[in-house]
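The next block holds one structure in the form of structure tokens; read it before the comments.
Residue numbers (the numbering used here): 664 to 1180.
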């Protein structure tokens, strides 16, 4: 059965492009998990409809209209919306009725101009609502609230929620980043340890950069660095209105300078950079994953909290806006940033690991077990070590394990710490509500493209269909993986399980499942 998700999100020259790009990251994961994704966006200057459509998502553009200034509404977000909130709600309902059968499974709302009034108008047209936010400043009616701000706490939202059962996903560990950032993290952190000869500077000031700060930065840099002292990668968005003048400026720079427009190689450029100048927007989390030392500017009111929290953590070096047009201030900041690369890298890398999209998908996805209760998966935590040890020591667990010997507590603790620290492995727990009921593990098989599956169910929860539901969730969460399962010959229940789930036998004791198309 195909599920449907609708995204109500905008981009514009005023609000930038970050909201749409993080929604595209979530849409890709939902699509891989079996969702049909449809975007509803307003036709504002700088909208990204072409980019959304190019990624093969359905999109409906709502007409922009003049909005009278209302002092009772939150500004500037009411103006950003491009229509009164109730008009926007009516138009979105109409899209769902005419194009999507009248109701959808999930409504994702990423807009500072929409609050609980809008959510309640849409409730009859959706089963669940996920709100993406960064402000914690208005009433919300949502099943999930996701705020990826470093330092954000669930308590910041609880007084503003209309539902007692809203699940709050708070903090940078939930940052919606494309998978390549996590995949390149280890290589990036290794590269940060190398000596720097000619520093490579990455400049990324958001998708729109309406004030053309990028050009002012290039002018300042050209006055204080010569051809051997620096190289620059300048990244701008497709909606940047200054792209042609920036091309001309780049061609005249005294040192190697490259312009990248709406590049799909952002992760690689961040790995290759030694220092960045960037805004305190959504790319902050990308830079943190890769441990990229950054001179960070505050370019919007909603970035102030992000900037302050990252600065307090030592993860960035703040750059005052006046430094953009001051060659000497800018030069001093760059020299300081390069001198403190090691400490900036270490602090930034502690902020987030790049696995936020998987954590969010684990919160959203569920599979019913035999009695109908929903099973979910979450990543393992340090405090889960004891309960997994107890399960590992159970006689039935050892009966079907390749190593029948009961592990020692000391050996188990060492193994568990190594698994948590291994970026190539997955250690996760299946849960009913908040109760752990089993373990799922993926371990890379050396010199192959396969990950080997291990599944273990709590002895108190046998015969409930937990392993089958967990393996279905695993496939929806990791559709890109080549999976390998090893089953002892006399474990007939597990042989039957993998056969039912479509795994292909490749030997008497092994099955495989290839990535989904």
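Quick reminder that beta carbons are idealized off the backbone N, C-alpha and C, glycines included.
For residue 1091, the enclosing beta strand (DSSP E) begins and ends at 1089-1095. With respect to residue 1089, residue 1101 sits apart: the two C-beta atoms are not nearer than 7 angstroms.
Within the same chain, and ignoring the five residues on either side of residue 708 in sequence, the residues whose Cβ sits closer than 7 angstroms to its Cβ are 675 and 676.
Going by beta carbons, residue 933 and residue 958 fall outside the 7 angstroms limit. Look at the beta carbons and you see the stretch 666-686 touching the stretch 759-769: at least three pairs across the two are nearer than 8 angstroms. With a 10 Å radius around the Cβ and a threshold of 16 neighbouring Cβ atoms, residue 857 comes out exposed. For residue 1099, the beta-bridge partners assigned by DSSP are 1094. The beta strand (DSSP E) runs of length 3 or more contained entirely in the stretch 851-917 are, from start to end of the chain, 863-867 and 894-899. For the 7 angstroms CB-CB criterion, residue 914 and residue 865 do not form a contact.
Using a Cβ-Cβ distance cut-off of 8 angstroms, the stretch 899-909 and the stretch 862-876 are in contact, since at least three pairs of beta carbons, one from each stretch, lie closer than that value. Under the three-pair Cβ rule at 8 angstroms, the stretch 1138-1148 counts as touching the stretch 1164-1177. Partner residues in the beta bridge of residue 1107, as assigned by DSSP, are 1114.
With respect to the C-alpha of residue 1105, the residue from 884, 1024 and 1043 having the closest C-alpha is 1043. In this structure, residue 778 and residue 815 do not form a Cβ contact; the two beta carbons are roughly 18 angstroms apart against a cut-off of 8 angstroms.
Here residue 1129 carries a helix assignment [DSSP, helix/strand/coil].
DSSP, reduced to helix, strand and coil, places residue 1014 outside both helices and strands of the structure shown, so it counts as coil.
In terms of CA proximity to residue 939, 894 leads the group 894, 910 and 790. Between the alpha carbons of residue 714 and residue 853 lies a gap of roughly 33 angstroms. The shortest CA-to-CA distance from residue 743 to any of 679, 997, 920 and 690 is the one to 679.
Burial check for residue 1021: the Cβ neighbour count within 10 Å reaches 16 or more, so the residue is buried. Scanning 734, 1094, 799 and 1107 for the CA closest to the CA of residue 1130 turns up 1094.
For residue 830, the enclosing beta strand (DSSP E) starts and ends at 830-833. For residue 812, the secondary structure class from DSSP, reduced to helix, strand or coil, is coil. If you look at residue 751, you'll find it in the alpha helix (DSSP H) that goes 748-762. With 16 or more other Cβ atoms from the protein chains shown falling within 10 Å of its own Cβ, residue 1030 counts as buried. In the structure shown, the three-state DSSP call for residue 666 is strand. Assignment of beta-bridge partners to residue 942 by DSSP yields 960. DSSP, reduced to helix, strand and coil, places residue 695 within a helical segment of the structure shown.
In its chain, beyond the 5 residues on either side, 1020 and 1024 have a beta carbon closer than 7 angstroms to the beta carbon of residue 692.
If the five residues before and after residue 721 are omitted, its C-beta is found closer than 8 angstroms to the C-beta atoms of 699, 700, 701, 702 and 762, all from its own chain and listed in chain order. Contact check between the stretch 875-888 and the stretch 979-996: three or more CB pairs, one atom from each, fall below 8 angstroms, which counts as touching. Linking residue 809 to residue 851 through their CA atoms gives a straight-line distance of about 27 angstroms. Beta-bridge partners assigned by DSSP to residue 773: 672.
Looking at the DSSP output, residue 951 sits in no beta bridge, so it has no partner there. With contacts defined as CB atoms closer than 7 angstroms, residue 793 and residue 807 qualify as a contacting pair.
Residue 721 has 701 as its beta-bridge partners, per DSSP.
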